[in-house]
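**Student:** Can you read through this structure? Questions will come right after.
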């Protein structure tokens with residue numbers, strides 16, 4: 367179940383399906399609780415590529431996450447743009463400062479993903 371990462375950052379578990387394999391996968395992700403939304407960033411997929419979980423998630427209409435305490439939630443992903451991205455990025459970096467350092471190692475803009483509640 368979700369918990370805490372090094373430094374105390376909260377972690378959720380993202381359940382998704384591999385685009386190529388079709389296999390179920392679970393990825394632990396640091397998140398920001400922006401109730402009722404959750405916010406994650408597509409940080410570590412290599413310096414010039416997004417991580418596989420990001421591509422898998424964006425290919426799905428909805429996914430399931432597990433929050434600390436075992437609470438499960440269906441979510442729909444979307445990418446934050448412009449002002450919303452800038453504001454959320456600052457908040458995410460405040461809870462996990464290494465993201466700011468990592469961003470200096472890559473030429474790509476690290477996506478900020480908003481997980482909206484899904485009604486399905």
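In the working numbering, the protein residues as written are 367 to 486.
Glycine included, C-beta positions come from ideal geometry on N, C-alpha and C.
Tell me which residue opens and which closes the alpha helix (DSSP H) that residue 477 is part of.
**Tutor:** Segment: none, residue 477 is in no alpha helix (DSSP H) and carries neither H nor E.
**Student:** Can you pull the DSSP bridge partners for residue 400?
**Tutor:** Beta-bridge pairing links residue 400 to 403.
**Student:** Should residue 425 be labelled buried (16 or more other beta-carbon atoms within 10 Å of its own) or exposed?
**Tutor:** With fewer than 16 Cβ atoms within 10 Å of its Cβ, residue 425 is classed as exposed.
**Student:** Ends of the alpha helix (DSSP H) at residue 418?
**Tutor:** Looking at the DSSP string, the run of the alpha helix (DSSP H) that includes residue 418 is 418–424.
**Student:** Expressed to the nearest angstrom, what Euclidean distance is found between the alpha-carbon atoms of residue 406 and residue 448?
**Tutor:** Answer to the nearest angstrom: the Cα atoms are 16 Å apart.
**Student:** Kindly indicate the opening and closing residues of the beta strand (DSSP E) around residue 429.
**Tutor:** Its beta strand (DSSP E) spans residues 429–432.
**Student:** Beta-carbon within less than 7 Å of residue 474's beta-carbon, same chain only, minus the 5 sequence neighbours each way: which residues are those?
**Tutor:** Within the same chain, residue 474 has close Cβ partners 414.
**Student:** Report the CB separation of residue 409 from residue 471 in whole angstroms; it is logged as a contact under 8 Å.
**Tutor:** With 8 Å as the limit, residue 409 and residue 471 do not qualify as a contact, their Cβ atoms being about 10 Å apart.
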